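Right, one structure below, let's go through it.
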Amino acid sequence: MQPETKKIRHVRLPVTRAIEVQDEGAHLWAVSYADFLMVLMCFFILFFSTNEGQRDSVISRIGQITQALGVGGANASASLTGSKATVQNEVKSVLANLPVKISQERENLTLLFSENIYKTGELFPTNLNDLKTLNEALAKLKPYQESIQITFVGHTDITPVSNRHGRYLNDNFDLSSLRATRMLQYAVHSGFIPEHLAAQGSAANVRQSRTISLVIKPWEKTHE
26 MQPETKKIRH
36 VRLPVTRAIE
46 VQDEGAHLWA
56 VSYADFLMVL
66 MCFFILFFST
76 NEGQRDSVIS
86 RIGQITQALG
96 VGGANASASL
106 TGSKATVQNE
116 VKSVLANLPV
126 KISQERENLT
136 LLFSENIYKT
146 GELFPTNLND
156 LKTLNEALAK
166 LKPYQESIQI
176 TFVGHTDITP
186 VSNRHGRYLN
196 DNFDLSSLRA
206 TRMLQYAVHS
216 GFIPEHLAAQ
226 GSAANVRQSR
236 TISLVIKPWE
246 KTHE
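The sequence shown: position 192 = 217 (the numbering used here), numbered continuously.
Structure, rendered in structure tokens:
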């Protein structure tokens, strides 16, 4: 008889599960995401609660900040340019019903008041209709004052000035400059930001008329 063979028993090793290590901070991204959405929602609530002129000012400031920080690069610059065009188009639209001529050259709008609104040698218009038009123009521009710069340009005819104003008025350049300055002061008293206003005299070199022009361009901060 053949000897009985014994079966070899294999040792069973206990099955161990892999240890899972959980990161306690893994869910924190949701908190940050929720905070971001809250900030974004607050921004849009405040943004759409302002008028259209202020919205463009906000967009312009954001573009300037991001461009200064180097965020966005060319896209930020393009966005800022688009905002300038939007403001100028809106300004041109709100001024369209005034009894004045409007010319546009690139980003600059020029508001041309009627001919000879000043009496000879006078520094401020006295005709009620002319003053009404001036006040209407300033009222329409005021909501956009943070986004634009207004230059008041004084004009004269070709008649030389008389000596009745004394030493401070030597020629037509002085007269046109004072007309522009008086308009600037009038705008400041009406509530405009002085830093966004400028005055310029052109004598009879541009229009040869006793009148005023307003050059409106996008505001650009050139110094601190």
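Ideal Cβ positions, reconstructed from N, Cα and C, are used throughout, including at glycine.
The structure presented is a predicted model; accordingly, all values stated were derived computationally and were not measured.
Helix, strand or coil: how does DSSP classify residue i here?
{"i": "S234", "result": "coil"}
{"i": "A229", "result": "coil"}
{"i": "V240", "result": "strand"}
{"i": "F217", "result": "coil"}
{"i": "Y143", "result": "coil"}
{"i": "N122", "result": "coil"}
{"i": "D245", "result": "Note on residue identity: the sequence assigns Glu, not Asp, to residue 245. In this structure, E245 counts as coil in the three-state DSSP scheme."}
{"i": "K117", "result": "helix"}
{"i": "S74", "result": "coil"}
{"i": "S104", "result": "Low per-residue confidence applies at S104: pLDDT is 40, beneath 50, and the placement is therefore not dependable, though the value from the model is reported in the following sentence. Of the three classes helix, strand and coil, the one that applies to S104 here is helix, per DSSP."}
{"i": "G97", "result": "Model confidence at G97 stands at a pLDDT of 48, short of 50, so the residue's coordinates are unreliable; what they give is reported in the following sentence. Correct three-state label for G97: coil."}
{"i": "Y58", "result": "helix"}
Between which two residues does the beta strand (DSSP E) harbouring residue i extend?
{"i": "N133", "result": "N133 to L137"}
Going by DSSP, what residues sit across from residue i in a beta bridge?
{"i": "I127", "result": "L136"}
{"i": "L222", "result": "I175"}
Report the residue ranges of all beta strand (DSSP E) runs contained in full by the segment 146-201; include only those spanning at least 3 residues, in chain order.
-> 173-179
Looking at C-beta atoms only, is the number of pairs between the segment 207-227 and the segment 172-189 that lie closer than 8 Å three or more?
-> yes
Between the segment 155-163 and the segment 115-123, do three or more beta carbon pairs fall short of 8 Å?
-> yes
Three or more C-beta pairs below 8 Å linking the segment 190-206 and the segment 239-246 | no
Does the segment 225-241 touch the segment 137-149, meaning 3 or more C-beta pairs lie closer than 8 Å?
-> yes
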